[in-house]
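Numbering-wise, this note's numbering comes out as the position in the sequence shown, counting from 1, plus 54.
Backbone N, C-alpha and C fix where the C-beta goes; we use that ideal spot for every residue, glycine too.
A quick note: this is a predicted structure, and the numbers were derived from the prediction, not measured.
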Amino acid sequence: MRDELIRRLFIAIPQLLLMSFITFLFLDLAPGDILAKYRFDPRISSETIQQIEAKFNFDKPVMVQYGHWLWRLVHFDLGYSFSREAEVADVIKERLFNTLLLSVFSIFFTWLVAIPLGIYAAVKQYSWGDRIMSALSYFGMSLPSFFLALLLMFLVYSLRGFPLFSWIPIGGMMSSGYEQMTLIGKIADRVAHMVIPVAVLTIGALAGLQRISRGNMLEELRKQYITTARAKGLPENKIIYTHALRNAINPLITLFGYEFSSLLSGAALLEIIVNWPGLGSLMLAAVKAQDTFLVMGSMMIGGLMLVAGNFIADLLLIIVDPRVRKG
Numbered sequence: 055m056r057d058e059l060i061r062r063l064f065i066a067i068p069q070l071l072l073m074s075f076i077t078f079l080f081l082d083l084a085p086g087d088i089l090a091k092y093r094f095d096p097r098i099s100s101e102t103i104q105q106i107e108a109k110f111n112f113d114k115p116v117m118v119q120y121g122h123w124l125w126r127l128v129h130f131d132l133g134y135s136f137s138r139e140a141e142v143a144d145v146i147k148e149r150l151f152n153t154l155l156l157s158v159f160s161i162f163f164t165w166l167v168a169i170p171l172g173i174y175a176a177v178k179q180y181s182w183g184d185r186i187m188s189a190l191s192y193f194g195m196s197l198p199s200f201f202l203a204l205l206l207m208f209l210v211y212s213l214r215g216f217p218l219f220s221w222i223p224i225g226g227m228m229s230s231g232y233e234q235m236t237l238i239g240k241i242a243d244r245v246a247h248m249v250i251p252v253a254v255l256t257i258g259a260l261a262g263l264q265r266i267s268r269g270n271m272l273e274e275l276r277k278q279y280i281t282t283a284r285a286k287g288l289p290e291n292k293i294i295y296t297h298a299l300r301n302a303i304n305p306l307i308t309l310f311g312y313e314f315s316s317l318l319s320g321a322a323l324l325e326i327i328v329n330w331p332g333l334g335s336l337m338l339a340a341v342k343a344q345d346t347f348l349v350m351g352s353m354m355i356g357g358l359m360l361v362a363g364n365f366i367a368d369l370l371l372i373i374v375d376p377r378v379r380k381g
């Protein structure tokens with residue numbers, strides 16, 4: 055199995071390279087460039103612009119530009135962000151933690167709630183609880199994240215008079231006077247600002263995962279070994295949680311790796327709406343500004359998050375499934 059994990063890591067390298075090349079090519083095909091604002095600035099001479107183009111190889115063909123970018127990437131240099139006027143690595147480092155904060159908490163609450171609900175819906179198939187959860191799941195999957203964010207923000211704003219909602223901020227990542235707070239106060243303030251964005255991401259992912267876990271459990275509960283276990287008189291809880299769940303959860307673990315990338319794409323518009331300074335909103339701003347190096351750096355980080363998620367999913371699959379471990 056160790057060889058299989060190593061093989062998958064090596065497969066991820068050409069995938070990342072292909073993704074980076076396609077992104078670089080599309081950025082080059084787009085009209086205009088990041089230096090347009092300098093060209094229209096009367097304080098900057100044409101000689102200075104030419105020097106910048108030569109320094110960053112903007113005057114070279116696209117394949118040469120990509121080759122230089124790739125060479126810098128190998129040396130852990132993501133380039134310079136002209137829109138932020140800072141090194142790309144420094145810009146991304148600020149935003150990456152914020153996005154990971156939302157992603158980790160969202161994934162935690164999604165799995166914490168979706169799996170038990172899926173088990174209940176499968177065991178109590180066609181009950182009122184199953185029907186209600188099915189309706190809510192379809193409703194949750196049909197709602198765009200930006201609309202759900204606006205809905206929750208409006209709801210919290212309308213109910214601010216109630217103590218339960220008065221402590222939840224409408225947007226942003228921190229309150230005024232954050233730097234003067236104690237450590238406990240800073241943590242509490244950050245958690246309060248995370249409530250709406252984490253709730254939006256969790257509801258969207260929860261609906262789909264609950265439906266999948268329900269389907270997997272139903273499939274397992276209909277198999278012959280479950281019938282045999284019941285015929286032998288095993289307790290129902292042991293049949294469900296020891297035998298059926300163990301086999302039903304394996305396909306779900308393979309979905310874990312896609313959570314990071316899907317949350318990154320789903321959080322982009324959400325971060326703009328709730329004014330959360332994350333990696334998704336940074337990437338959209340970089341694309342709008344045609345900041346090639348910042349877009350490429352953000353895309354590579356997103357790709358690495360997907361690779362890391364798949365790697366973690368493979369490790370979890372080895373832990374929970376002895377058949378994979380022996381193979």
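| Query | Result |
| --- | --- |
| Option in 115, 252, 146 with minimal Cα separation from residue 338 | 146 |
| Where residue 180 falls: helix, strand or coil (DSSP) | coil |
| Residue 126 versus residue 347 - alpha carbon distance | 11 Å |
| Close Cβ partners of residue 367 (< 7 Å) along its chain, the five nearest in sequence each way excluded | 307, 308, 310, 311 |
| Selection from 57, 104, 212, 200 that minimises the alpha carbon distance to residue 252 | 200 |
| Start-end ranges of the alpha helix (DSSP H) lying completely within the segment 205-262, minimum 4 residues | 217-220 |
| Which of helix, strand or coil DSSP assigns to residue 137 | coil |
| Buried versus exposed call for residue 120 [16 or more other C-beta atoms within 10 Å across all chains shown] | buried |
| Residue 105: first and last residue of the uninterrupted alpha helix (DSSP H) it sits in | 100-109 |
| Best match in 328, 133, 158 for proximity to residue 143 [C-alpha to C-alpha] | 133 |
| Supposed contact pair residue 349 and residue 340 - C-beta distance, whole angstroms, cut 8 Å | 5 Å |
| Simplified DSSP assignment, three categories, for residue 84 | coil |
| For residue 136 and residue 274, the rounded distance between their alpha carbons | 55 Å |
| Candidates 204, 218, 257: closest to residue 246 by CA position | 218 |
| Rounded straight-line distance, which links the Cα of residue 74 to that of residue 141 | 19 Å |
| Cβ contact (3+ pairs, closer than 8 Å) linking the segment 322-339 and the segment 271-290 | no |
| 6 Å Cβ shell around residue 163 - same chain, five flanking residues per side excluded | 256 |
| Inter-residue spacing [alpha-carbon to alpha-carbon] between residue 123 and residue 267 | 43 Å |
| Per-residue DSSP class, three states only, for residue 126 | helix |
| Residue 91, DSSP secondary structure in three states | helix |
| Short Cβ contact (8 Å threshold) for residue 112 with residue 87 | yes |
| Nearest candidate by alpha-carbon position, reference residue 89, set 172, 351, 223, 343 | 343 |
| Beta-carbon proximity list for residue 369, same chain, < 6 Å, skipping 5 on both sides | none |
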